[in-house]
Every structure is written in C-alpha cells, then in structure tokens.
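Structure, as structure tokens:
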Amino acid sequence: MDLCEELRCLQEEGVARLQAAADEDALEEARIALLGRQGRFKALRDVFRAADADTKRVAGRLLAAADEALKAAWSGRQQELRGAGAEAGAIDITLPVAGHRRGSIHPISRIAADVEEVFTSMGFAIVDGPHVEEELFNFTRLNIPDDHPARDAQDTFWLDNGRLLRTHTSAVQARLYPSCSLPLRAVVVGKVFRYEEVDATHDNTFTQVEGFVVDAGITVAHMIGTIKTMINAVLRRDDVEVRLRPSFFPFVEPGFEVDVRCTAADAGRLGRWIELLGCGMIHPEVLRQGGIDPEQHQGFAFGMGLERLAMIRHGIADIRVFNGADLRALHQFGA
Ligand code: DAH
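Using this note's numbering, the first residue of the sequence shown is number 307, and each one after it goes up by one.
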C-alpha cells in the first residue's frame, strides 16, 4: 500500500473509530492511537516527510485532509458525549418528586350526584334530554304561549336551524310524556342556557334539576314532602324550614315558589328566606298534550337551579365561580 492509499485508509477507519467511541475513555484511547505522538497519523507524517517531491505533491492534500477529518471527528464526538453526560447530570435524583396534583370534584357535579342519589332512593328514574331542543318541547307542549317573553330572542339562544338551547329542564317532561308508562317518577339534572347578562347571581349557562311525578291521586302534599326530602338531603340537614308562595308558571296550576329558611350553617344569612325553586301541579293542558288524560292522572313538577343550592351549601357569593376556570376557587369545594 503506498502512502496515499494509507492516508485514505487512516482517514476512513480513524473517523469511523472516533465516531463509534462509546464513552469519553474510548474516545481518548482512539485519539491517542490515531493522533497521539506515537499514533498512526504521526507515523504516516514521518513517511510523508521522507518522501520524494512527486509523492509529496499528491499526498500533501491527503495528509491535510486526514488531519482535519480526524480532529473534526474527535471534537464532534467529544461534544456529543459531553452533551449527553450533561443531560444525564441535569436529573438530580435527590430532589423531591414534583408530586401529582389531585383533582377535585366540581361542586355542581357533587350536588348533582347527591340529588340523583336521594331521588333514586325514592324510586325515581334518572332521565335526560338534549341541550339542543325543539321549540315544541321547550315551549309549546309546556303551555307556554307564542307571545310569552321566554320565547323572545332576548332570553333564548336560538339556532339558525330553528332549534334552541333548552332554557329549562322542564322540556324533558314534554319529551317524555308521550312515550312514558304510568305511574311516572323521573328526575333530570342538566345544563340549561339563557341569553342573559352575566353577573354575580346570573350566568348564561347553569344547571337545573327537574323532578316530576304522574300518577292517580297525586296532591300538593306529595310534592311538598318530596321537595323537603330533597332539600334536607342536599343541604345535609334534617330540619329545613320551607315556605310556599303562590306563583305563576304556564305549565303548572296551581304554581308555587318554595323558599327555604337559612340557618347559621348557611354562610351568615341566618333567618333569611331565600327563594329556591318553582313547582306546582302539572297543568292539565300539559298532560293532555303529552297524551295523558288529566281526569285519570295528576302530577306535580318542580324545577330548581343547582348553583343557587351550591352557593348556600358552600357560602359562595359569586355564581361565576362555577363556570370560571379558576382551579384555586374550585378546589376549595371539592373535598
Ligand atoms: N322551568 C322553570 C324555570 O326554568 C322552573 C320550574 C318552575 C319548573 C315550576 C317546574 C315548575 O317544573 O313546576 O324557571
């Protein structure tokens, strides 16, 4: 093998060896063998120096190229190995672990679960309907006339396809009646939507629970007993005081609003009555439109916003907490 051949060979093999060095020790060993004072490069350079002028002219470039390639391969590999080492060193295994942040159950989900539990224990079915609802079920079949303000675009999110975002869970009553078998005991917990200015006590998206019972011989007394049982369970008490005031809702007759008296536990509102829900005996027209004969069957229904209840339960002053994304606030109520 002549000098030129040997130089090409040195460059090729040397670069490969340097690049393959597994760690810094192996790299140093290769460097010494190739570029050290007694290494292969030095030996060939000595041959080069002793060569004749013709050989030198050709081999000079190869010598310089081999020198440059070997040094570049060495320093490149050194950087790679040092970089990997630095990365490995950056993991300080003595540091405490970052820890997992434990999630918490949203206060509304928790109340919803409590409501569903108490109604399940009373033999109610848990039902639901769509958020995108038809005018027929949200309004018409609930005896809400065409000119009622609730149908106005000021209060309702209307969609381009003529449907709407349900404004109350009462819509599920209208959906269910035609296909239900009697007696019927059902409760629905779900989101409802109102085109409303958002402030501390109003949100455009909130949660309602709607309960309804249809059977022969149902009276207001059944309604009051059921509602009191629910409120006691949800406020975790056994002595809630409620009061009924006559009120108007198109889908019930008579209709009432139920107030509950706050106790010391209810965030400083001691003795005050606060309005909690609407209820009444299901309007005969609503039953009739749902294919139920009001002469044979009667019923009661009620609807309640869960945010209001959660605000009492946790002493929350601002409804925007629930749909806000401030986890510091929400975590407080999840325990
Ligand atoms: N749907 C009514 C609302 O959103 C609440 C309501 C009132 C529901 C009286 C009822 C009821 O079932 O009987 O304001």
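Note that beta-carbon positions come from the ideal geometry of N, C-alpha and C, so glycine has one too. Given the structure is predicted, the values throughout are model-derived calculations rather than measurements.
Beta-carbon proximity of residue i to residue j, cut-off 8 Å
{"i": "I524", "j": "F606", "result": "yes"}
{"i": "L341", "j": "F354", "result": "no"}
{"i": "V526", "j": "F557", "result": "no"}
{"i": "F518", "j": "Q460", "result": "no"}
{"i": "R549", "j": "D565", "result": "yes"}
{"i": "R407", "j": "Q325", "result": "no"}
{"i": "G561", "j": "G577", "result": "no"}
{"i": "F463", "j": "M529", "result": "no"}
{"i": "A418", "j": "L612", "result": "yes"}
{"i": "G531", "j": "E559", "result": "no"}
{"i": "L488", "j": "H589", "result": "no"}
{"i": "A506", "j": "I580", "result": "no"}
Of the residues the options, the one placed nearest residue i, counting alpha carbons only
{"i": "A390", "options": "A328, V403, E334, E441", "result": "A328"}
{"i": "T248", "options": "D505, A506, R500", "result": "With the chain represented from 307 up to 641, any question about residue 248 goes unanswered, as that position is not in the structure."}
{"i": "H474", "options": "P600, E563, N510, R567", "result": "N510"}
{"i": "H454", "options": "F554, I598, H528", "result": "F554"}
{"i": "T426", "options": "E311, G584, T535, R549", "result": "T535"}
{"i": "N538", "options": "D398, R351, I618, E503", "result": "I618"}
{"i": "T361", "options": "A623, D308, Q638", "result": "D308"}
{"i": "R416", "options": "A456, L541, D434, S487", "result": "L541"}
{"i": "A322", "options": "A349, K348, W380", "result": "W380"}
{"i": "V515", "options": "D420, G429, R314, V546", "result": "D420"}
{"i": "N467", "options": "R634, E439, L490, P451", "result": "E439"}
{"i": "L333", "options": "L401, A456, R388", "result": "R388"}
{"i": "R314", "options": "E335, D358, G366, A356", "result": "G366"}
Beta-carbon proximity list for residue i, same chain, < 7 Å, skipping 5 on both sides
{"i": "R614", "result": "L582"}
{"i": "G596", "result": "R447, A480, Y483, P484"}
{"i": "R351", "result": "L369"}
{"i": "I622", "result": "A616"}
{"i": "I338", "result": "G345"}
{"i": "L504", "result": "The sequence shown places Val at residue 504, rather than the Leu named in the question. Excluding positions up to five away in sequence, the list reads N510, R626."}
6 Å Cβ shell around residue i - same chain, five flanking residues per side excluded
{"i": "G320", "result": "L340, L376"}
{"i": "F443", "result": "A477, A480, R481"}
{"i": "R346", "result": "L316, L340"}
{"i": "R551", "result": "E563"}
{"i": "D434", "result": "V494, G496"}
{"i": "R457", "result": "F445"}
{"i": "V546", "result": "I537, N538, V566"}
Sequence-distant residues of the same chain with beta carbon closer than 8 Å to residue i, five excluded per side
{"i": "E386", "result": "none"}
{"i": "I432", "result": "E422, F425, T426, A492, V493, V494, V495"}
{"i": "V364", "result": "C310"}
{"i": "Q317", "result": "L368, A371, A372, A375, L376"}
{"i": "P451", "result": "P556"}
Check: residue i C-beta below 7 Å from any heavy atom of the ligand ADP
{"i": "C568", "result": "With respect to the ligand ADP, the structure shown offers nothing to examine, as its ligands consist of the ligand DAH."}
Between the stretch 522 to 537 and the stretch 406 to 419, are three or more C-beta pairs nearer than 8 Å?
By the Cβ rule, the stretch 522 to 537 does not count as touching the stretch 406 to 419, because fewer than three pairs are nearer than 8 Å.
Is the number of C-beta pairs between the stretch 443 to 460 and the stretch 474 to 484 that are closer than 8 Å three or more?
Per the Cβ contact rule, the stretch 443 to 460 is in contact with the stretch 474 to 484 (3 or more Cβ pairs under 8 Å).
Below 8 Å, can you find three or more Cβ-Cβ pairs linking the stretch 490 to 506 to the stretch 462 to 473?
Pairwise C-beta distances place the stretch 490 to 506 in contact with the stretch 462 to 473, as three or more of them are shorter than 8 Å.
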